[in-house]
Amino acid sequence: MDEIIKVENLSFTYGSDEEGDEPKIPALKNVNLSIEKGEFLAILGHNGSGKSTLAKLFNAILTPTAGNVWVKDMNTKDEERLYDIRRTAGMVFQNPDNQIVATIVEEDVAFAPENLGVPTEEIRELVNNSLRAVGMFDYIKHAPHMLSGGQKQRIAIAGVLAMSPEVLVLDEPTAMLDPSGRREIMRTIKQLNSDQKMTVILVTHYMDEAAKADRVIVMNKGEIALEGKPREIFSQVEKLKSLGLDVPQSTELLHELNRAGQAFRGDILEVDECVNEICNSTL
């Protein structure tokens, strides 16, 4: 696989120090990370761990205090490449209402390519394809404010897809949604990753969402505390709890049963797996 994002010795501190000010605490400290094209990476961490700051550095919303972020061999510090960087790595935020700018769905999705000067005939194709990709084509003439939270977030994702990015960076996109909306968005993300081979970087505080990724990194105090496949990460229940995080409910259940003297696998993530493990045991 090809590397599409590379983070080298990255540090970031909000604000600038002035004489007499208290030293500022870095949000990120000496982070190194490589993300492969087509990968689904989940970033976990408690509030203040640096996970959202890291996401904003992928899209050049923020630029490093020290170190470098490379997006498809473009340094995010290079102001002349910001346009190309942001077209390569599209960003979706928590609140879909803050990203919707038009009163008709198709106009909202067309907003970015129109401002980029894309020819009209190409915009129509981009809008249609983007809405189909998120399962919202039937709502093309609807008013966004009349849609559910999950539908609005899918429209926001379509608006980013209309810029034809290679990387989709999502900063807690389900944080303001109900369980139904969360499921909608996760289906959409998984489909974009598996069907269109899009690189997905998902910042989340939901363990069950991170469990669906190819790889998980756990941030703590601005550093990468853990990194590995979901089964490797979530089997470390006590370590995750020491970092202020939970684990998927199925993992938690079997962990507690093991503490009570049973002998179940410690890397179970899904409910079906959990049921099978218990049913096949000799309780």
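For what it's worth, this note's numbering labels the leading residue of the sequence shown as 2, then goes sequentially.
For each residue, glycine too, the CB sits at the ideal point set by N, CA and C.
| Query | Result |
| --- | --- |
| Quick one: which unbroken beta strand (DSSP E) runs of 3-plus residues sit fully inside the segment 18-104? Chain order, please. | 29-37, 41-45, 67-72, 90-93 |
| Would you kindly report the start and end of the unbroken beta strand (DSSP E) that includes Asp172? | 168-172 |
| Can the beta-carbon of Thr200 be found less than 8 Å from the beta-carbon of Glu167? | yes |
| Hey, could you find the ends of the beta strand (DSSP E) Lys7 is sitting in? | 4-13 |
| Compute every distance between the C-beta of Met137 and the non-hydrogen atoms of the ligand SAH, then say whether any falls below 7 Å. | Questions concerning the ligand SAH fall outside what the structure shown contains, since it holds no ligand whatsoever. |
| Taking the alpha-carbon positions, what's the Met177 to Met208 distance? | 16 Å |
| Can you name the residues that DSSP bridges to Glu253? | Glu253 pairs with nothing; no bridge assigned. |
| The beta strand (DSSP E) spanning Leu127 covers which residue range? | Taken as a continuous stretch (DSSP letters only), Leu127 belongs to no beta strand (DSSP E), being part of the alpha helix (DSSP H) at 121-134. |
| Beta-carbon separation of Lys153 and Met187 under 8 Å? | no |
| How would you call Leu162, buried or exposed, if buried means at least 16 neighbouring beta carbons within 10 angstroms? | buried |
| Can you tell me which of the three DSSP states Leu117 falls into? | coil |
| Compute the beta-carbon to beta-carbon distance between Asn10 and Ala67, rounded to the nearest angstrom, for a pair I have assumed lies under 8 Å. | 7 Å |
| Tell me the DSSP secondary structure of Asn281 in three-state form. | coil |
| Which of the three DSSP states is assigned to Thr200 in this structure? | strand |
| Run the CB neighbour count on Thr121, radius 10 Å, all protein chains shown included, and call it buried at 16 or more, exposed below. | exposed |
| Do you know how far the Cα of Val32 is from the Cα of Arg232? | 23 Å |
| In terms of residues, what are the limits of the alpha helix (DSSP H) holding Glu271? | Unbroken run through Glu271: none, as it is neither H nor E. |
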